[in-house]
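Protein chains in written order, with this note's numbering: chain A, 865 to 1002; chain B, 88 to 302.
Just so you know, even glycine gets a beta-carbon here, dropped at the ideal spot from N, CA and C.
Here the structure is a predicted model, which means the values were calculated and not measured.
Working notes for the structure below.
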């Protein structure tokens, strides 16, 4: 699977609300970081929009499925449009991929649009702990 | 591996988030028992229900103990104790400031329109305090205040549903009467009968009325 196909696959899992499968892409030591400030270097000394580890990502998925999570009813419908995919670093079985993301979200009568630049660390098949041996992982 | 990552079984940077969510899911009896007060001019404060040693001084966390020793060295034991003994959760300065002193956080609310406000959250790094204390304040703000955080998204959903209810035109009055008639007069403050009393909203409305009608 090419890096493009892998990122499209991730986006498709989110857009079709297959959150458990999406969570399965992440290794146990994954960090999911959405900085708050432009050029923010550090997630520990400044607030972030998201700074999650694997446990917190799992909490988000479990909350999305919880029948009493009022803020998740209904779940948002989304389109994650991934573009400008470039491999910026290769190191043995690990690569770093830069990409852009346009996210359109519909929920109730509201729609919202965000654009972000992403840097994703990917491990080759079988390299990451806990990942299926034939799949890439985040 | 992320630099904030602890070894398996050790306290982890992120554990604070999990505990926050557990605490927010506390049974109703906990909220009912939490103290809530309002003071003249619409101000108010809540007692605390947190039992996370990384957030609350006095629960023996090494970072706080280090800070306590520094404070005691600079200001004396008595002053250090009086500062760190304050366990208030949320304090409201009418009309638009709120601080969580024990988590070293200030919030300012700027209303833009009837259905739109900006909340600015400031996290404070205490002079000479261990780095860990500030990192825990940041972790707290990520979980509680961030636009993608668990706590704020839950809160915003409630606000939006209330706004939709009002916008329907079917609602003539906002009911803020919970606990009314059971307020308890204390020195310089009025205490709500229970932690879920709306005494503080009534206090804000009273202050607004006084400001609008005084000459």
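Taken through DSSP and simplified to helix, strand or coil, residue 129(B) comes out as helix. Within chain B, 235 have C-beta atoms less than 8 Å from the C-beta of residue 898(A), given in sequence order.
In the DSSP assignment, residue 208(B) falls within the beta strand (DSSP E) that extends over 203–210.
A Cβ-Cβ distance of about 11 Å is found for the pair residue 281(B) and residue 270(B), leaving them out of contact under the 8 Å criterion.
Annotation: residue 132(B) to residue 227(B) spans about 19 Å, alpha carbon to alpha carbon.
Taking the CA atoms as reference points, residue 297(B) sits about 19 Å from residue 261(B). Take residue 237(B), set aside five residues on each side of it, and the residues of its chain with a beta-carbon closer than 7 Å to its own are 108 and 230, in chain order. Only residues of its own chain outside the window of five on either side were considered, and among them 969, 970 and 971 have a CB closer than 7 Å to the CB of residue 940(A), listed in chain order. Between residue 229(B) and chain A, the shortest Cβ-Cβ separation is below 8 Å.
Taking residue 925(A) as reference, the option from 981(A), 890(A) and 873(A) with the minimal CA-CA separation is 890(A).
The continuous beta strand (DSSP E) containing residue 196(B) extends over residues 192–200. Burial is judged here by how many other beta carbons sit within 10 angstroms of a residue's own beta carbon; residue 946(A) has at least 16 and is buried.
When Cβ pairs closer than 8 Å are counted between the two stretches, the region 175–187 of chain B is seen to touch the region 118–136 of chain B, the count reaching three or more. Spanning the alpha carbons of residue 200(B) and residue 250(B) requires a straight line of approximately 12 Å.
Here residue 198(B) is actually not in contact with residue 150(B); their C-beta atoms are around 36 Å apart, not less than 8 Å. Under the criterion of beta carbons closer than 8 Å, residue 130(B) and residue 179(B) qualify as touching, at roughly 6 Å. Contacts with chain B at 8 Å (Cβ-Cβ) include residue 910(A). Each residue's CA atom was taken as its position, placing residue 292(B) and residue 126(B) some 12 Å apart. For residue 920(A), the residues of chain B that pass the 7 Å Cβ criterion are 101 and 104, in the order they occur in the chain. Contiguous alpha helix (DSSP H) elements confined to the region 901–938 of chain A occur at 918–929, taking only those with 4 or more residues. The criterion of a C-beta distance shorter than 8 Å is satisfied by residue 967(A) and residue 942(A).
Contact of residue 966(A) with chain B by beta-carbon distance below 8 Å is absent, the smallest such distance being about 17 Å.
If you draw a 10 Å sphere on the C-beta of residue 912(A), you find 16 or more other C-beta atoms in it, and that means buried. At a cut-off of 8 Å between beta carbons, residue 935(A) contacts chain B. Taking a C-beta distance under 8 Å as the contact criterion, residue 268(B) and residue 123(B) do not qualify as a contact pair. Between the alpha carbons of residue 214(B) and residue 168(B) lies a distance of about 17 Å. When the Cα atoms are used, residue 232(B) and residue 224(B) turn out to be separated by approximately 11 Å. When the five nearest sequence neighbours on each side are left out, the beta carbons in the same chain lying within less than 6 Å of the beta carbon of residue 106(B) are those of 139, in order along the chain. Here residue 208(B) has 192, 194, 228 and 232 as same chain residues with Cβ atoms under 7 Å from its own Cβ, once five neighbours each way along the sequence are excluded. Per DSSP, residue 959(A) lies in no alpha helix (DSSP H) segment; the continuous beta strand (DSSP E) that holds it begins and ends at 958–971.
Secondary structure of residue 884(A) (DSSP, three-state): helix. Counting only unbroken stretches of 4 or more residues, the alpha helix (DSSP H) elements lying wholly within the region 201–260 of chain B are 218–231 and 237–254, in sequence order.
Relative to residue 909(A), the option among 289(B), 189(B) and 221(B) whose CA is nearest is 221(B). Residue 240(B) reaches chain A at 935 and 936, counting residues in chain order whose Cβ is nearer than 9 Å. When the beta-carbon positions are compared, residue 935(A) and residue 240(B) come within less than 8 Å of each other. Separation of residue 894(A) and residue 923(A) (C-alpha to C-alpha, rounded to the nearest whole angstrom) is 14 Å.
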